[in-house]
Amino acid sequence: QKEVEQDPGPLSVPEGAIVSLNCTYSNSAFQYFMWYRQYSRKGPELLMYTYSSGNKEDGRFTAQVDKSSKYISLFIRDSQPSDSATYLCARVGQAGTALIFGKGTTLSVSS
Amino acid sequence: NAGVTQTPKFQVLKTGQSMTLQCAQDMNHNSMYWYRQDPGMGLRLIYYSASEGTTDKGEVPNGYNVSRLNKREFSLRLESAAPSQTSVYFCASRSEGSYEQYFGPGTRLTVT
Numbered sequence: 012q013k014e015v016e017q018d019p020g021p022l023s024v025p026e027g028a029i030v031s032l033n034c035t036y037s038n039s040a041f042q043y044f045m046w047y048r049q050y051s052r053k054g055p056e057l058l059m060y061t062y063s064s065g066n067k068e069d070g071r072f073t074a075q076v077d078k079s080s081k082y083i084s085l086f087i088r089d090s091q092p093s094d095s096a097t098y099l100c101a102r103v104g105q106a107g108t109a110l111i112f113g114k115g116t117t118l119s120v121s122s
Numbered sequence: 022n023a024g025v026t027q028t029p030k031f032q033v034l035k036t037g038q039s040m041t042l043q044c045a046q047d048m049n050h051n052s053m054y055w056y057r058q059d060p061g062m063g064l065r066l067i068y069y070s071a072s073e074g075t076t077d078k079g080e081v082p083n084g085y086n087v088s089r090l091n092k093r094e095f096s097l098r099l100e101s102a103a104p105s106q107t108s109v110y111f112c113a114s115r116s117e118g119s120y121e122q123y124f125g126p127g128t129r130l131t132v133t
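Protein chains in written order, with this note's numbering: chain A, 12 to 122; chain B, 22 to 133.
Next up, the structure:
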């Protein structure tokens, strides 16, 4: 079992919808999580990071961590066509340095 | 402030050829990383360098070597390229005291 599991999608929504992207993880060490956005043929771009249970908001984006169920989520409110990308969740690895990534969820927002 | 830069952007190699992928960062970060990204596999760590003068293997190091030339630059070398090394390669860096990594634009490598 890969340490970070993520549904690859694709996920298609209309503009303005609320999007929920989810990951599960299996290793409880270094519970520090990140969400990256990757546009086609570009490098991953850091969106948000969080290490505590509960919610963290940044504009239209909310990162949520539930450590009891080992579940992390990214919510996008009022989704826009420019949000169409692959979203990668990541957890800090046991050595405290490298990141362990999920396979990514591809999102398409149609206008 | 360019962040993390990578050269070349694209490369086609024949099996058995060698090449070096270059990475540089201007954020004064201590740690640098090389990942490869394959369809259906996600990003996987090849090698990393926690500081100038040190390097360590990641999840998929076979067939690769690295050099941390100085604090800014971290190169990845393929001594004898194989078709299985066809991938997109990303370099990333991280500052001391934080876990967030910042990625370069990638090098798209095809080995025929």
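A virtual CB, placed ideally from N, CA and C, is assigned to each residue, including glycine.
Using a beta-carbon distance below 7 Å, is residue i in contact with chain A?
i	result
Gly24(B)	no
Pro126(B)	yes
Tyr69(B)	yes
Tyr120(B)	yes
Phe111(B)	yes
At least one CB of chain B closer than 7 Å to the CB of residue i: is that the case?
i	result
Gly20(A)	no
Leu118(A)	no
Pro25(A)	no
Ala114(A)	Looking at the sequence shown, residue 114(A) is not Ala but Lys. Yes - at least one Cβ of chain B is within 7 Å of the one on Lys114(A).
Tyr98(A)	no
Val76(A)	no
Val103(A)	yes
Ala28(A)	no
Does DSSP classify residue i as helix, strand or coil?
i	result
Pro55(A)	coil
Asp89(A)	coil
Asp77(A)	strand
Ser105(B)	helix
Asp18(A)	coil
Kindly examine the ligand MN and report whether one of its heavy atoms sits closer than 6 Å to the Cβ of residue i.
i	result
Asn66(A)	You won't find the ligand MN in this model; it holds no ligand whatsoever.
Residue range of the beta strand (DSSP E) that residue i falls in?
i	result
Val81(B)	Premise fails: Val81(B) is in no beta strand (DSSP E) and is neither H nor E.
Arg57(B)	Ser52 to Asp59
Lys92(B)	Here Lys92(B) belongs to no beta strand (DSSP E), and DSSP marks it neither H nor E.
Ala45(B)	Met40 to Gln46
Ile111(A)	Leu110 to Phe112
Thr131(B)	Thr128 to Val132
Gln27(B)	Val25 to Thr28
Ala9(A)	Chain A is shown only over 12 to 122; residue 9(A) falls outside these bounds and no answer can be derived.
Out of the options, state which residue places its alpha-carbon closest to the alpha-carbon of residue i.
i	options	result
Val132(B)	Tyr110(B), Tyr123(B) and Ser119(B)	Tyr110(B)
Ser80(A)	Phe72(A), Asp69(A) and Ser64(A)	Ser64(A)
Ser114(B)	Pro104(B), Arg98(B) and Arg89(B)	Arg89(B)
Ala40(A)	Ser119(A), Gly115(A), Leu110(A) and Glu56(A)	Leu110(A)
(request) Take every Cβ of the segment 78 to 93 of chain B, pair it with every Cβ of the segment 29 to 38 of chain B, and state whether three or more of those distances are shorter than 8 Å. (result) Between the segment 78 to 93 of chain B and the segment 29 to 38 of chain B there are fewer than three inter-stretch CB-CB distances shorter than 8 Å, so the stretches are not counted as touching.
(message) When you compare the segment 85 to 101 of chain A with the segment 26 to 39 of chain A, are there three or more beta-carbon pairs, one atom per stretch, that lie closer than 8 Å?
(response) Counting Cβ pairs under 8 Å, three or more are found: they touch.
(request) May I ask you to verify whether the segment 87 to 97 of chain B touches the segment 42 to 52 of chain B, counting CB pairs closer than 8 Å and requiring at least 3? (result) Three or more beta-carbon pairs separated by less than 8 Å link the segment 87 to 97 of chain B to the segment 42 to 52 of chain B, which places the two stretches in contact.
(request) Indicate whether the contact test is met: 3 or more Cβ pairs, each with one atom in the segment 48 to 59 of chain B and one in the segment 69 to 80 of chain B, closer than 8 Å. (result) Taking a contact to require three or more Cβ pairs closer than 8 Å, the segment 48 to 59 of chain B and the segment 69 to 80 of chain B qualify as touching.
(request) Can you give me, in chain order, the residues of the segment 63 to 89 of chain B that have a beta carbon less than 9 Å from any beta carbon in chain E? (result) As a matter of chain content, chain E is missing from the structure shown, whose protein chains are A and B.
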